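Numbering (my numbering), first residue to last: 10 to 99.
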């Protein structure tokens with residue numbers, strides 16, 4: 010699905026701004042850059058995920074060398090699945 014979504018994004022105007030959901034150095038991505046926003050055109054030019062024309066090669070690249078998740082990820086995943094009542098109870 011990610012590959013197909015990226016292929017669709019490649020057809021949009023390159024001036025569209027993208028605001029990150031995670032900061033630089035986050036364990037949620039292999040090469041998340043710094044900054045408050047980026048453009049789709051810059052991602053298309055610089056993001057390794059946009060470089061693949063072949064879906065199988067994309068999957069191999071994205072699924073390789075995945076770092077071990079931080080320990081709190083498992084706790085957070087459990088909360089997300091269970092559904093926390095409020096942040097005060099966490």
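We put the CB at the ideal spot given by N, CA and C, even for glycine. This structure is a prediction, so every number in the text was calculated from the model and none was measured.
query	result
Sequence-distant residues of its chain with Cβ nearer than 8 Å to residue 46 (five each side left out)	26, 27, 28 and 29
Top-ranked residue by Cα proximity to residue 24, from 49, 11 and 15	49
Backbone secondary structure at residue 27 - three-state DSSP	strand
Beta-carbon contacts of residue 68 that lie in its chain and below 8 Å, excluding the five residues immediately before and after	12
Beta carbon of residue 15 nearer than 8 Å to that of residue 83	no
Nearest-angstrom Cα separation, counted from residue 53 out to residue 22	11 Å
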